[in-house]
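Student:
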Amino acid sequence: MALRRCWRFSGLVPRLLWRSPIPPGSSIGGRSTSVPSFVNTYRCYKSTGVRWFGSQLSHTDVSYEQLKQLLDGQKTVVIDVREPWELREYGFIPGSINVPLGHVITALQLDPDEFREKYDAELP
């Protein structure tokens, strides 16, 4: 039993070292790493790289007149993601479809007939 565990562990270590994201000669916490030369760190290091967990948003301000023109042209769909109580309190945007923010993902995955029945509008 113990021999089997050691065998599995010995097979796991080279695979972990092969996928190591640490480039040779780099330092962690002020100490240089001792990555063996047989480890292919270059391939994995290049593939992992630095990742950003976000995206750049393009903020486009639309004036009231521009919004009216877009809605009149019927080529644009405005999805109002406010909750129903907010619509009652602040009013609604004429020509928009109200889909509360918590329901947007599931609403856009509905069949066109179900969407039309639930939101009284065509699925965008």
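If you read the sequence shown in the UniProt record's numbering, its first letter stands for residue 1, the second for the next number, and so on. C-beta: ideal position from N, C-alpha, C; glycine also.
(1) Let me know the alpha helix (DSSP H) ranges lying completely inside the UniProt domain "Rhodanese" (72-121), each 4 residues or longer, listed in chain order.
(2) Touching or not, the region 57-72 and the region 106-115, by the rule of three or more beta carbon pairs under 8 Å?
(3) Tell me whether the beta-carbon of isoleucine 97 lies closer than 7 Å to the beta-carbon of isoleucine 79.
(4) Going by Cα to Cα distance, which pick from Gln74, Thr60, Val99, Thr76 is closest to glutamate 86?
Tutor: Based on what the coordinates show:
(1) 84-90, 104-107, 112-119
(2) no
(3) If you number the sequence shown from 1, residue 97 lands on position 97. If you number the sequence shown from 1, residue 79 lands on position 79. Closer than 7 Å, so yes.
(4) Here residue 86 corresponds to residue number 86 of the sequence shown, with the count starting at 1. It is Val99.
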